[in-house]
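Visitor:
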Amino acid sequence: GQQVMQIPQYQHVQEGEDFTTYCNSSTTLSNIQWYKQRPGGHPVFLIQLVKSGEVKKQKRLTFQFGEAKKNSSLHITATQTTDVGTYFCAGPLDSNYQLIWGAGTKLIIKP
Amino acid sequence: GAGVSQSPRYKVAKRGQDVALRCDPISGHVSLFWYQQALGQGPEFLTYFQNEAQLDKSGLPSDRFFAERPEGSVSTLKIQRTQQEDSAVYLCASSLGGGGNQPQHFGDGTRLSIL
Numbered sequence: 001g002q003q004v005m006q007i008p009q010y011q012h013v014q015e016g017e018d019f020t021t022y023c024n025s026s027t028t029l030s031n032i033q034w035y036k037q038r039p040g041g042h043p044v045f046l047i048q049l050v051k052s053g054e055v056k057k058q059k060r061l062t063f064q065f066g067e068a069k070k071n072s073s074l075h076i077t078a079t080q081t082t083d084v085g086t087y088f089c090a091g092p093l094d095s096n097y098q099l100i101w102g103a104g105t106k107l108i109i110k111p
Numbered sequence: 112g113a114g115v116s117q118s119p120r121y122k123v124a125k126r127g128q129d130v131a132l133r134c135d136p137i138s139g140h141v142s143l144f145w146y147q148q149a150l151g152q153g154p155e156f157l158t159y160f161q162n163e164a165q166l167d168k169s170g171l172p173s174d175r176f177f178a179e180r181p182e183g184s185v186s187t188l189k190i191q192r193t194q195q196e197d198s199a200v201y202l203c204a205s206s207l208g209g210g211g212n213q214p215q216h217f218g219d220g221t222r223l224s225i226l
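As you go down the protein sequences, you meet chains X and Y in turn. If you read the first sequence in this note's numbering, its first letter stands for residue 1, the second for the next number, and so on. If you read the second sequence in this note's numbering, its first letter stands for residue 112, the second for the next number, and so on.
#1: Are the Cβ atoms of residue 22 (chain X) and residue 73 (chain X) separated by less than 8 Å?
#2: Let me confirm a value: residue 40 (chain X) is counted as buried when at least 16 other C-beta atoms fall within 10 Å, else exposed. Which label applies?
#3: Would the stretch 118-125 of chain Y count as touching the stretch 161-171 of chain Y if we require 3 or more Cβ pairs under 8 Å?
#4: Which of the three DSSP states, helix, strand or coil, is assigned to residue 83 (chain X)?
#5: On the criterion of 16 or more Cβ atoms from any shown chain inside 10 Å, does residue 55 (chain X) qualify as buried, or is it exposed?
#6: Starting from the Cα of residue 205 (chain Y), find the closest Cα among Y:162, Y:199, Y:131 and give me that residue.
#7: Going by the beta-carbon positions, is the gap between residue 193 (chain Y) and residue 178 (chain Y) smaller than 8 Å?
#8: Could you tell me the alpha carbon to alpha carbon distance between residue 71 (chain X) and residue 134 (chain Y), rounded to whole angstroms?
#9: If the cut is a Cβ gap below 8 Å, which residues of chain X does residue 132 (chain Y) touch?
#10: Residue 211 (chain Y) and residue 141 (chain Y): beta carbons closer than 8 Å?
#11: Please list, in chain order, all residues of the same chain as residue 165 (chain Y) whose beta carbon is under 8 Å from its beta carbon, the five residues on each side excluded.
#12: Less than 7 Å between C-beta atoms, sequence neighbours within five positions excluded: which residues of the same chain meet that for residue 183 (chain Y)?
#13: At the 8 Å Cβ level, is residue 216 (chain Y) part of the contact set with chain X, yes or no?
#14: Of all the CB atoms in chain Y, is at least one closer than 8 Å to the CB of residue 8 (chain X)?
#15: Would you check if the distance between the CB atom of residue 107 (chain X) and the CB atom of residue 83 (chain X) is smaller than 8 Å?
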């Protein structure tokens, strides 16, 4: 069935280092959404990408949607403690009712 | 309301008991989703409502799970004869339009523990 794979599962960085998470779908997606979940919290919508090759920026966060609309990435420049959490990508199932979620990448700031 | 509201925040039940979880979506939102989230995992789809119509319940793990949204606003997820594997966080999300192509707004979830 349709799957969305996300890597890595965890990333440990020193504060100030960069962070990247990658998302790959087994099928072409009409759009991809990114969410952030803080420890103990709920997923919070960050952004939606729709167009092939689209790149969007939110301050230190850069989101990309691949040309084939099957892969996406989130890059954070110069991480801060406020960036800690798990970042999820999600894409609609062919039925368009469901979102298929990646397993998430947990960003951990080393003390 | 300002956001999606779920109650209770925490629920402890003995195995075999029935539980009911409530979701109050953002006013005017057409779509309502229920998810199950295990520790360290992404949300797993359970069911989807468009207004009062349950258009997709393919994610409900068994016939012990039942969801309704009778007036197209508040929704209830009911689990009958709970089992230990039902322990998880149950998240509700709503979105303005229909389907999975719009941003979803989540509640804080209900953490269900089955003893």
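Even glycine gets a Cβ: it sits at the ideal position worked out from N, Cα and C.
Guide: Here's the rundown:
#1: yes
#2: exposed
#3: no
#4: helix
#5: exposed
#6: Y:162
#7: no
#8: 33 Å
#9: Correct list: empty, because the minimum Cβ distance to chain X is about 14 Å.
#10: no
#11: 158, 159, 178, 179, 180
#12: 162, 163
#13: yes
#14: no
#15: yes
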